[in-house]
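For reference, the structure is listed below as structure tokens.
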Amino acid sequence: MGNNSSRDHMIVNLTFKKVVDQYVARLEKEDSNFKKLYISSVLRYVDDHEELIHGIKEDEISLHKESISVLLSDLFPAALTLNEIKAATVPFSNILFNKTERLNNLLKDAGEDFYLDIMAFESFDIFRMSCGIILNKYYHKSIDLSRPILVNIPDSKGSERTYRVTYNADFIDIELNSAAYKLSQEDIKKLLRAPDDEQLWKSYFLNESYTYNGFIIVTFTDVTMDAAISDLKTLLLDSAQSTKDQTDKIKIIFRKIFNLDNLRVGFTSFDQYERNFESMIYSDSESFLLGSNVEQKCDTALCADSYQHLIKDFEPLVITDVADYASKIKNTYLTDNLLKNDIHSAIFYPITKSKKLIGVLEIVSKKKFALNSFNVLKIESVAGYIKAALVRTVQEYENSIKALIQTECTSIHSSVQWKFEREARRILKARSRNSKNEPFKDVGFKDVYPLYGQIDIVGSSDARNQAIKQDLINQMDQIGEIFASAKQYEQLPIYDQISYRVSEYRKKLEEGSIDANSERDIIKLLKDEINPVIKHLVKLSPKIAGLVEEYQSQIDETSGVIYQIRNAYDNTVQAINESLSNCIDRKQMEAQEIFPHFFERFKTDGVEHNIYLGSSISAEQEFNVVYLYNLRLWQLQTMIAMENQFYSIQDNLPSVIDAASMILVFDNTLSISYRIDEKRFDVDGTYNARYEVIKKRIDKANIKGTEERITQKGKIAIIYTNKETEREYMRYINFLQYNNLLGNQVEHLELEDVQGVVGLKALRVNVLYDIDLARGTLTYDDLVKELHLQR
17 MGNNSSRDHM IVNLTFKKVV DQYVARLEKE DSNFKKLYIS SVLRYVDDHE ELIHGIKEDE
77 ISLHKESISV LLSDLFPAAL TLNEIKAATV PFSNILFNKT ERLNNLLKDA GEDFYLDIMA
137 FESFDIFRMS CGIILNKYYH KSIDLSRPIL VNIPDSKGSE RTYRVTYNAD FIDIELNSAA
197 YKLSQEDIKK LLRAPDDEQL WKSYFLNESY TYNGFIIVTF TDVTMDAAIS DLKTLLLDSA
257 QSTKDQTDKI KIIFRKIFNL DNLRVGFTSF DQYERNFESM IYSDSESFLL GSNVEQKCDT
317 ALCADSYQHL IKDFEPLVIT DVADYASKIK NTYLTDNLLK NDIHSAIFYP ITKSKKLIGV
377 LEIVSKKKFA LNSFNVLKIE SVAGYIKAAL VRTVQEYENS IKALIQTECT SIHSSVQWKF
437 EREARRILKA RSRNSKNEPF KDVGFKDVYP LYGQIDIVGS SDARNQAIKQ DLINQMDQIG
497 EIFASAKQYE QLPIYDQISY RVSEYRKKLE EGSIDANSER DIIKLLKDEI NPVIKHLVKL
557 SPKIAGLVEE YQSQIDETSG VIYQIRNAYD NTVQAINESL SNCIDRKQME AQEIFPHFFE
617 RFKTDGVEHN IYLGSSISAE QEFNVVYLYN LRLWQLQTMI AMENQFYSIQ DNLPSVIDAA
677 SMILVFDNTL SISYRIDEKR FDVDGTYNAR YEVIKKRIDK ANIKGTEERI TQKGKIAIIY
737 TNKETEREYM RYINFLQYNN LLGNQVEHLE LEDVQGVVGL KALRVNVLYD IDLARGTLTY
797 DDLVKELHLQ R
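Given below as structure tokens:
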């Protein structure tokens, strides 16, 4: 029996009243006379055996075996007694009664010395599981505090079978023995926040505080194969074990899976380069294919049929009768080895990776026909775990490299992965030689061309503040309407005072811009003065109740403020950023085909991206400046596509916002390094840092001699420093104008100095939008008109 301390908090009354109540309920609803007669007879039987309702002592169960069996006949049908593995039990004990014949037979096969302990786990686990039933049954919660119950029962051959025990508490009623023990909702929350605090739980569920009226039904399900697969998975993942231990345990596990006591397991590896079978992967594992040899050419080891199965088709080779198979083939090398080992049926299962054979799993038996094609399905259920173990040796080194990179560098773009792997290999070799903590050095790339671009939301901060301001004005208007209606029913001075305060705040919002202080003051007014009064107003009239209900339905629960317009704006920005990111990610895959390069993007109020291109980025492909020109044209085309995507997505969004795009062209190469301490790429040197300064400041720069920013909605600005770059980009612009992607408004501009960076120039060109082919291309002004007309 389970530890009694786990049951101290409950009194167990073994009663079958709930079953009787079900019979009574069925009798009232039953239409069939035959069934009524049967139910009536059962109830008359119960009348003669009152102990079924009043309760039976645990040590007297055997005296009432027949009456219990009669009452539970519907729950334990005789027709299924040889199929179901089932019993009734006293709650949270090992006392089983009314067992099915199949369960009796299992226990009989297990032997006289076998004791079935279904409560063989920690006392507190049992205690908490019983508390879970109390919380669910008495306090109407839906909480699972149970733990999986698995028991091992040896069969007639002495092999252990694993069963999962299902605990059915449908026939339990919980009774609170004293109101002093009753838990509040806060008590329950406190318990659930600390599920492992044994002292806390036992302080709330005191001795004999509850009564369990009823019984439990336990059902046993054979999960031997599932448990064996789980054991195999654990075993194969445990590289700490010796191969000898692994081999012995794998043999036991496969015997459970196949339910065969004389099963043996082997493995033969395959060297695809030499076309050899080898017994080398597990030094302690047998190779039934090779016998006493350590290696053999595959065409020598296999006959034509086995070669076709294993080498060509990667299909299992099933030999149900080895001697019969040997009589039908010419090359008997394989079958000779099997018969020497007294093996008369076998399955050879090919293990492959990336369409290449890496080895053969061997399941063999001394009995003819013990293994057949039906057994193959069981191997398929574990083949993945076998494969994982076999490739682990090869992968461990690669995994060490990846783990080192991930630890030191977080995520790395695929274009530069090779150089980080080279550094990781250097470190692992150095550490293996010197046993020192060799540091990960900064990884650098020299003479790379940078490309930078961004598409930014115009006036995002102002737009968001305007959205908040309009929400607050709308909220003040609704509150004003509610209090104006209230004054028609009650002429209370407080209503006038609040209406005045609301009006004043509304006026301030209309006259000025929103800031943190004004928003905080309004929230305080709402929380301290308005909300308490509104609770009273709903009682004045149905009309006011309706106004209040509509008002409260719009309020954000956290802040108490209406944020509908702001949320619409935020959702629009989020949807646009997601769409723009997906757009450039898709096009970036195409760009990598031009020439491998480093790429990264960031979501801000819009999307910006960095590209670095050069021979030091790609070690395998020779760099030519023509790839730079291609990527510059690709970047300009991509920015046009993102402009189109920016407005196209707004067809279905609640508000229209504008974008301004910019490309920065840096004429010289620079060097970049991955800073291990900062986990990011950065430029090297003072001169190169000038590039970063321009990147951070340029979108806020004005046209020289004006207050006009270089970035404007409906246009793409291309920032550069020399005439050669200007001529290059004019060729791209002319090409894109020809293709109706850019308009004819090309501006040649000079920029104000940016933190000591002088001589910056810009080309600015208008975008032609093509968000709907049926309308043709549109200018920015026409596009905005179309978008607004749809609302």
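Residue numbering for the sequence shown is 17 to 807, as defined by my numbering. The beta carbon of each residue, even a glycine, is placed where N, CA and C say it ideally should be.
What are the boundary residues of the beta strand (DSSP E) that includes residue i?
| i | result |
| --- | --- |
| valine 623 | 622-629 |
| aspartate 315 | Segment 314-317 is the alpha helix (DSSP H) holding aspartate 315; no beta strand (DSSP E) there. |
| phenylalanine 293 | 292-294 |
| aspartate 141 | No beta strand (DSSP E) holds aspartate 141; the alpha helix (DSSP H) holding it covers 139-153. |
| tyrosine 220 | No beta strand (DSSP E) holds tyrosine 220; the alpha helix (DSSP H) holding it covers 214-220. |
| leucine 767 | Unbroken run through leucine 767: none, as it is neither H nor E. |
| methionine 678 | 675-681 |
| valine 641 | Unbroken run through valine 641 is the alpha helix (DSSP H), 641-664; no beta strand (DSSP E). |
| isoleucine 204 | Taken as a continuous stretch (DSSP letters only), isoleucine 204 belongs to no beta strand (DSSP E), being part of the alpha helix (DSSP H) at 201-209. |
| serine 158 | Counting along the chain, serine 158 falls outside any beta strand (DSSP E), and DSSP gives it neither H nor E. |
May I have the straight-line CA-CA distance separating residue i from residue j, to the nearest angstrom?
| i | j | result |
| --- | --- | --- |
| arginine 23 | arginine 180 | 22 Å |
| glutamine 38 | glutamate 214 | 37 Å |
| valine 35 | isoleucine 188 | 10 Å |
| asparagine 229 | leucine 91 | 18 Å |
| isoleucine 266 | isoleucine 363 | 16 Å |
| threonine 237 | asparagine 99 | 11 Å |
| asparagine 660 | isoleucine 749 | 17 Å |
| tyrosine 220 | threonine 182 | 27 Å |
| valine 28 | isoleucine 142 | 15 Å |
| isoleucine 273 | lysine 394 | 7 Å |
| threonine 284 | glycine 375 | 6 Å |
| histidine 613 | isoleucine 627 | 7 Å |
| glycine 721 | alanine 675 | 24 Å |
| threonine 741 | valine 770 | 19 Å |
| methionine 678 | proline 466 | 14 Å |
Which residue marks the beginning of the alpha helix (DSSP H) containing residue i, and which one marks its end?
| i | result |
| --- | --- |
| valine 549 | 547-553 |
| valine 774 | No alpha helix (DSSP H) holds valine 774; DSSP gives it neither H nor E. |
| leucine 68 | 67-70 |
Using three-state DSSP, classify residue i as helix, strand or coil.
| i | result |
| --- | --- |
| glutamate 82 | helix |
| glutamine 761 | strand |
| phenylalanine 50 | helix |
| leucine 112 | strand |
| glutamate 311 | strand |
| serine 381 | strand |
| tyrosine 468 | strand |
| lysine 173 | coil |
| asparagine 29 | strand |
| arginine 118 | helix |
| valine 36 | helix |
| asparagine 229 | strand |
| asparagine 825 | The structure shown does not extend to residue 825, since the chain is modelled only from 17 to 807, so the question has no answer here. |
| aspartate 129 | coil |
| glycine 721 | coil |
| alanine 104 | strand |
| alanine 733 | strand |
Report yes if the CB atom of residue i is closer than 8 Å to the CB atom of residue j, and no otherwise.
| i | j | result |
| --- | --- | --- |
| lysine 462 | serine 632 | yes |
| threonine 227 | methionine 492 | no |
| threonine 737 | glycine 775 | yes |
| glycine 739 | valine 474 | In the sequence as displayed, the identity of residue 739 is lysine instead of glycine. Not a contact, by the Cβ cut-off of 8 Å. |
| tyrosine 643 | leucine 629 | yes |
| asparagine 353 | phenylalanine 293 | no |
| threonine 235 | asparagine 184 | yes |
| lysine 712 | tyrosine 468 | no |
| threonine 116 | phenylalanine 231 | no |
| serine 370 | isoleucine 335 | no |
| leucine 68 | leucine 43 | no |
| leucine 767 | isoleucine 734 | no |
| isoleucine 495 | isoleucine 546 | yes |
| valine 773 | valine 709 | yes |
| serine 519 | leucine 563 | no |
| leucine 757 | isoleucine 610 | no |
| isoleucine 665 | alanine 591 | yes |
query: Residue ranges of each beta strand (DSSP E) run of no fewer than 3 residues wholly in the stretch 333-377, ordered along the chain?
result: 333-335 and 361-369
message: My parser needs the alpha helix (DSSP H) runs of 4 or more residues fully inside the stretch 477-535; what are they?
response: 509-527
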